[in-house]
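Chemist: With full-length UniProt numbering as the guide, the letters of the sequence shown map in order to residues 1 to 245.
Can you read through this structure? Questions will come right after.
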Amino acid sequence: MTTLFISDLHLDETRPDISRAFFEFLRDDASKAQALYILGDFFESWIGDDDRSTLIDEVSLALKALTDSGVALYIMHGNRDFLIGQQFCATVGGQLLSDPSVIQINGEATLLMHGDSLCSDDQEYMRFRKMLRSPQWQQDALAKPLEERRAIAKHLRMMSSEANSNKAEDIMDVNLDDVSRAMQTHQCQRLIHGHTHRPNRHPMTIDGQPAERIVLGDWDSAVWVLRANNDNLKLEQHPFPSTSA
Numbered sequence: 001m002t003t004l005f006i007s008d009l010h011l012d013e014t015r016p017d018i019s020r021a022f023f024e025f026l027r028d029d030a031s032k033a034q035a036l037y038i039l040g041d042f043f044e045s046w047i048g049d050d051d052r053s054t055l056i057d058e059v060s061l062a063l064k065a066l067t068d069s070g071v072a073l074y075i076m077h078g079n080r081d082f083l084i085g086q087q088f089c090a091t092v093g094g095q096l097l098s099d100p101s102v103i104q105i106n107g108e109a110t111l112l113m114h115g116d117s118l119c120s121d122d123q124e125y126m127r128f129r130k131m132l133r134s135p136q137w138q139q140d141a142l143a144k145p146l147e148e149r150r151a152i153a154k155h156l157r158m159m160s161s162e163a164n165s166n167k168a169e170d171i172m173d174v175n176l177d178d179v180s181r182a183m184q185t186h187q188c189q190r191l192i193h194g195h196t197h198r199p200n201r202h203p204m205t206i207d208g209q210p211a212e213r214i215v216l217g218d219w220d221s222a223v224w225v226l227r228a229n230n231d232n233l234k235l236e237q238h239p240f241p242s243t244s245a
């Protein structure tokens with residue numbers, strides 16, 4: 001059976017092309033899989049499970065149809081949608097996955113992460129991340145009215161965009177020492193993560209043994225999916241569906 005891994009769709013009302021690609025992916029690909037893992041930044045922003053929009057409703061219905069058909073769904077927080085909660089997961093029939101998590105793929109322990117916690121060279125972001133992941137900050141944020149939360153989310157996205165525009169590219173990538181430590185801590189020779197928008201497969205050596213780090217791609221201009229099938233893992237890129245489809 002096939003297991004699929006995706007991340008960094010950044011679903012947003014302003015990008016209907018990505019939503020259209022996702023719905024086609026669910027219909028033509030994920031519906032035939034055993035399980036689908038979404039490793040963070042599924043939405044461009046998430047201000048609480050009580051938020052409603054046309055996009056959220058459409059995505060919820062599509063995911064519920066997928067899980068009702070028997071496909072297992074796992075959702076991990078990203079740095080954009082870390083407020084996704086149990087209510088949303090229950091609505092769509094999915095399971096909220098801790099970051100990090102270890103699963104078995106073809107008998108091999110595999111570490112799953114969003115990836116932002118590995119970008120430790122970006123100390124400014126790490127301080128920002130620590131604040132946003134604080135239970136007290138999240139509790140205070142979720143207690144605010146929806147409109148105020150929308151304004152906060154918009155402000156945070158603006159701050160992030162401005163900060164990233166002034167940073168060197170390499171500082172926003174993962175720290176390889178942290179990657180090795182994470183894999184050693186969890187006793188895994190394979191790591192799958194997203195976040196960096198740098199899809200690739202990186203051979204490594206961990207504790208003298210061959211290992212691999214697989215980076216999922218973002219869906220800004222193409223569909224990226226990692227397909228695990230029998231003994232084979234394949235990182236695939238597919239074009240978005242045409243608007244006439």
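Every residue gets a Cβ at the ideal spot worked out from N, C-alpha and C, and that includes glycine.
In this text the structure is predicted, and so the values were computed from the model without any measurement.
Among the candidates 46, 28 and 31, whose CA atom is the shortest distance from the CA of residue 9?
Modeler: Here residue 9 refers to the residue found at position 9 of the sequence shown. Among 46, 28 and 31, the Cα nearest to that of residue 9 belongs to 46.
Chemist: Could you give the first and the last residue of the continuous beta strand (DSSP E) run that contains residue 238?
Modeler: In the sequence shown, the residue the question calls residue 238 occupies position 238. Segment 232-239, the beta strand (DSSP E) holding residue 238.
Chemist: Provide the residue span of the beta strand (DSSP E) that contains residue 227, from first to last.
Modeler: Looking up residue 227 in the sequence shown gives position 227. Segment 222-229, the beta strand (DSSP E) holding residue 227.
Chemist: Taking C-alpha atoms, which residue in 15, 172, 63 and 1 lies nearest to residue 219?
Modeler: In the sequence shown, residue 219 corresponds to position 219, counting from 1. Of the listed residues, the one whose Cα sits closest to residue 219 is 15.
Chemist: Compare the C-alpha of residue 58 against each of 170, 71, 84 and 11 and name the closest.
Modeler: Taking the sequence shown and counting its residues from 1, the one referred to as residue 58 is at position 58. Selected option, being the one with the closest Cα: 11.
Chemist: For residue 48 versus residue 93, is the C-beta distance shorter than 9 Å?
Modeler: To locate residue 48, count along the sequence shown from 1; it is residue 48. To locate residue 93, count along the sequence shown from 1; it is residue 93. It is not a contact, given that the beta carbons lie outside the stated cut-off.
Chemist: Could you spell out where the alpha helix (DSSP H) holding residue 155 opens and where it closes?
Modeler: On the sequence shown, residue 155 is found 155 positions in, with the first residue counted as 1. From DSSP, the alpha helix (DSSP H) with residue 155 extends over 146-165.
Chemist: What span of residues does the alpha helix (DSSP H) with residue 127 cover, start to end?
Modeler: Here the question's residue 127 lines up with position 127 in the sequence shown. Element bounds for residue 127: 123-132.
Chemist: Among 141, 146, 89 and 191, which residue has its Cα nearest to the Cα of residue 205?
Modeler: Position 205 of the sequence shown holds residue 205. Per the Cα distances, 191.
Chemist: Let me know the secondary structure DSSP gives residue 179 once reduced to three states.
Modeler: Taking the first residue of the sequence shown as position 1, residue 179 is located at position 179. Helix, per DSSP.
Chemist: Near residue 258, what residues of its chain come up, given a Cβ to Cβ distance below 7 Å and the 5 sequence neighbours on each side ignored?
Modeler: The question about residue 258 has no answer here: the residues shown for the chain are numbered 1 through 245.
Chemist: How is residue 95 classed by DSSP in three states: helix, strand or coil?
Modeler: Position 95 of the sequence shown, counted from the start, is the residue given in the question as residue 95. Strand, per DSSP.
Chemist: Kindly indicate the opening and closing residues of the beta strand (DSSP E) around residue 100.
Modeler: Translated into positions along the sequence shown, residue 100 becomes position 100. No beta strand (DSSP E) holds residue 100; DSSP gives it neither H nor E.
Chemist: Is it true that the CB of residue 119 sits closer than 9 Å to the CB of residue 186?
Modeler: As a first step, residue 186 is located in the sequence shown; it is residue number 186 there, counting from the start. As a first step, residue 119 is located in the sequence shown; it is residue number 119 there, counting from the start. With contacts defined by Cβ atoms closer than 9 Å, residue 186 and residue 119 do not form a contacting pair.
Chemist: Could you give the C-beta distance for residue 26 and residue 62, rounded to a whole number, given that I count them as a contact under 8 Å?
Modeler: To locate residue 26, count along the sequence shown from 1; it is residue 26. To locate residue 62, count along the sequence shown from 1; it is residue 62. Yes, they are in contact, since the Cβ atoms of residue 26 and residue 62 sit about 5 Å apart, within 8 Å.
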